[in-house]
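Structure record follows, encoded as structure tokens.
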Amino acid sequence: MDIIGIGYLGFESTKLDEWRSYGPEVLGFQIGKSPEADAESLYFRIDDRRHRFAFHPGKVDRLAYIGWEARGKLEFEAAARRLREAGIEVTMGDAALRELRGVRDVFRFRDPVGYQHELFYGQKWMPRSFVPGRPHGGFVAGERGLGHLVVITPEFPPELEHFLTEVMGFHYYGAGAGKGKTAFYRSRLNDSTSHDIAYGHGPGKMGIQHVGLFVKNLRDVGETYDIVKQRKLPMMMTLGQHTQDPHVSFYHFSPGGFAIEVITELEPWHPDGFELNPEQLSTWGHELVGPILGPSVRTPEDVQDAEGLEVLAALARKRAAA
Ligand SMILES: [Fe+2]
Numbered sequence: 001m002d003i004i005g006i007g008y009l010g011f012e013s014t015k016l017d018e019w020r021s022y023g024p025e026v027l028g029f030q031i032g033k034s035p036e037a038d039a040e041s042l043y044f045r046i047d048d049r050r051h052r053f054a055f056h057p058g059k060v061d062r063l064a065y066i067g068w069e070a071r072g073k074l075e076f077e078a079a080a081r082r083l084r085e086a087g088i089e090v091t092m093g094d095a096a097l098r099e100l101r102g103v104r105d106v107f108r109f110r111d112p113v114g115y116q117h118e119l120f121y122g123q124k125w126m127p128r129s130f131v132p133g134r135p136h137g138g139f140v141a142g143e144r145g146l147g148h149l150v151v152i153t154p155e156f157p158p159e160l161e162h163f164l165t166e167v168m169g170f171h172y173y174g175a176g177a178g179k180g181k182t183a184f185y186r187s188r189l190n191d192s193t194s195h196d197i198a199y200g201h202g203p204g205k206m207g208i209q210h211v212g213l214f215v216k217n218l219r220d221v222g223e224t225y226d227i228v229k230q231r232k233l234p235m236m237m238t239l240g241q242h243t244q245d246p247h248v249s250f251y252h253f254s255p256g257g258f259a260i261e262v263i264t265e266l267e268p269w270h271p272d273g274f275e276l277n278p279e280q281l282s283t284w285g286h287e288l289v290g291p292i293l294g295p296s297v298r299t300p301e302d303v304q305d306a307e308g309l310e311v312l313a314a315l316a317r318k319r320a321a322a
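If you're matching positions, the sequence shown starts at 1 in full-length UniProt numbering and goes up one per residue.
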């Protein structure tokens with residue numbers, strides 16, 4: 001599938017008021033205009049796209065959908081065909097959903113463990129329209145997507161790996177440095193970053209673990225770090241540099257209970273000539289000063305809707321029958 005990367009992310013949240021100040025004041029997000037049909041929700045911009053993050057009122061704080069961006073109409077149509085060929089149910093978006101997402105077209109589908117995905121093309125965009133919520137040098141999103149995310153999966157079945165590499169057409173980027181099973185992937189058209197998504201196996205657990213947000217300048221990593229410390233926001237990992245990416249970053253917890261990794265690139269990432277097997281997570285720093293799994297990672301029952309739980313239940317039935 002000709003996917004560029006993650007175009008947008010959607011969440012449900014009990015803490016919209018906290019997000020409304022945290023987004024602009026800590027991260028430098030711009031508050032976007034909420035669609036008329038969704039006036040209660042909070043939409044954030046980090047570049048010239050209409051929005052990149054949406055927070056909808058909900059009963060729990062959870063990741064609601066992952067919005068993948070197809071390069072255009074033809075790639076979008078081919079992706080829908082590929083999913084259907086693989087036996088995955090594709091629900092085309094209607095005019096109301098297209099309007100909410102601000103896109104030409106969108107469809108929805110589930111991965112084999114029940115996470116809700118969307119694929120879209122042609123999101124509304126206006127050059128030089130992004131105004132950060134506080135003095136900020138800007139985010140590296142543009143043509144490459146908003147960044148990356150790590151989700152925890154209660155099971156890591158072969159169906160999930162097949163879905164990611166064979167159906168979604170992702171490049172497998174390795175297992176990282178962790179002890180448990182984690183797998184990193186990047187979309188086919190992404191030649192700028194090492195991964196768009198990682199699934200980490202956490203038996204019995206589910207939810208978003210962190211979002212990686214790329215800023216243009218080291219100064220913005222440092223200034224965000226200072227603001228996080230001044231506000232005494234919970235930290236997960238101190239400033240450091242990962243072994244497998246030429247990046248400097250730190251992780252702190254957002255109001256949603258998942259971590260935000262604020263990242264800047266020391267040098268552009270280059271395609272890997274061999275599968276990396278790092279001796280350790282980081283070359284320096286990244287001292288773990290908080291839980292690796294924050295309050296956003298709970299049980300599937302806590303963070304999934306009925307449809308998502310049914311996908312997991314179907315997987316369990318298939319296992320039992322085999
Ligand atoms: Fe990350």
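A virtual CB, placed ideally from N, CA and C, is assigned to each residue, including glycine.
Quick caveat, the model's predicted, so the values are computed rather than measured.
Environment of residue i [buried if 16+ CB atoms lie within 10 Å]
i    : result
H270 : exposed
W68  : buried
R81  : exposed
N217 : exposed
M237 : buried
S296 : buried
A78  : exposed
S21  : exposed
F55  : buried
P255 : buried
Cross-strand partners of residue i (DSSP beta bridge)
i    : result
T182 : G200
W68  : I6 and L119
D105 : Y121
T91  : R108
V215 : F139
I227 : The partner list for I227 (beta bridge, DSSP) is empty, contrary to what the question assumes.
R49  : W125
T283 : Answer is none; T283 lacks a bridge partner.
Residue i versus the options, residue with shortest Cα-Cα distance
i    : options                   : result
H252 : E261, Q244 and S13        : E261
S129 : A198, Q241 and K33        : K33
R52  : P158, Y8, G256 and G176   : Y8
G72  : L293, F44 and G5          : G5
I208 : F258, S187 and S249       : F258
D226 : L239, V215 and F76        : L239
H136 : M237, V106, V26 and R298  : V26
V103 : G212, D94 and M168        : D94
N277 : L213, F55 and D245        : D245
G242 : F274, G176, F184 and R219 : Per the sequence shown, the amino acid found at residue 242 is His instead of Gly. Per the Cα distances, G176.
W284 : V248, I263, E275 and A313 : V248
L233 : P268, F184 and V289       : V289
F156 : G142, A183 and D38        : A183
Report task. Measuring from each Cβ to the nearest heavy atom of ligand 1, keep the ones under 5 Å and list them in chain order. Result -> Any residue whose Cβ sits closer than 5 Å to a heavy atom of ligand 1 makes the list: G212 and E261.
Report task. Decide yes or no for the touch test of the region 304-317 against the region 105-122: beta carbon pairs closer than 8 Å, at least 3 of them. Result -> yes
Query - Contact the region 147-154 vs the region 196-204: 3+ CB pairs below 8 Å - result: yes
Query raised in the report: If you pair each beta-carbon of the region 30-44 with each one of the region 177-196, do three or more pairs fall below 8 Å?
Result: no
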